[in-house]
């Protein structure tokens, strides 16, 4: 797949303990992005954060949270991102979907 030019960055903020049918939600979203044929996805585990419920989740030794923040970043064309959101939105019961940071895709290649 050749991907160049204008694209969008989708960011999804969820908790590490969030589940979809017993499986880690971040992993389900990653698998769905791959199945959907999106250009790529990265999952980042945060060290500390809070969301809509205002509970602080932290990796500090004295707290040892089992629900650290997870950020999933996906870049592709706007139309593909919009279609993908329709697939994953029902899975996210607590969290935040931030869409549509404009990005300029300079080069997207894979090894042969």
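Residue numbers (our numbering): 100 to 211. Ideal Cβ positions, reconstructed from N, Cα and C, are used throughout, including at glycine.
With a threshold of 8 Å on Cβ separation, who are the neighbours of residue i within its own chain once the five nearest residues in sequence on each side are excluded?
{"i": "residue 177", "result": "105, 106, 107 and 199"}
{"i": "residue 129", "result": "140, 142 and 171"}
{"i": "residue 188", "result": "196"}
Tell me which residues share the same chain as residue i and place their Cβ nearer than 6 Å to its Cβ, disregarding the 5 neighbours each side in the sequence.
{"i": "residue 160", "result": "Caution is warranted here: a pLDDT of 49 is assigned to residue 160, below 50, making its placement in the model unreliable, and the coordinate value is therefore given only provisionally. Answer for residue 160: no residue qualifies."}
{"i": "residue 123", "result": "none"}
{"i": "residue 135", "result": "183"}
{"i": "residue 193", "result": "none"}
Can you tell me whether residue i is buried or exposed? The criterion is at least 16 other CB atoms within 10 Å of its CB, across all chains shown.
{"i": "residue 168", "result": "buried"}
{"i": "residue 114", "result": "buried"}
{"i": "residue 109", "result": "buried"}
{"i": "residue 175", "result": "buried"}
{"i": "residue 146", "result": "exposed"}
From the options, pick the residue whose C-alpha is nearest to that of residue i; which is it?
{"i": "residue 111", "options": "133, 119 and 184", "result": "184"}
{"i": "residue 144", "options": "166, 182, 137 and 132", "result": "166"}
{"i": "residue 116", "options": "180, 191 and 203", "result": "191"}
{"i": "residue 204", "options": "181, 194, 126 and 138", "result": "138"}
To which residues of the same chain is residue i closer than 7 Å at the C-beta, ignoring the five residues directly before and after it?
{"i": "residue 118", "result": "124"}
Just checking my contact of residue i with residue j at CB under 8 Å: how many whole Å lie between their CB atoms?
{"i": "residue 133", "j": "residue 186", "result": "Rounded, the Cβ-Cβ distance is 12 Å, inconsistent with contact."}
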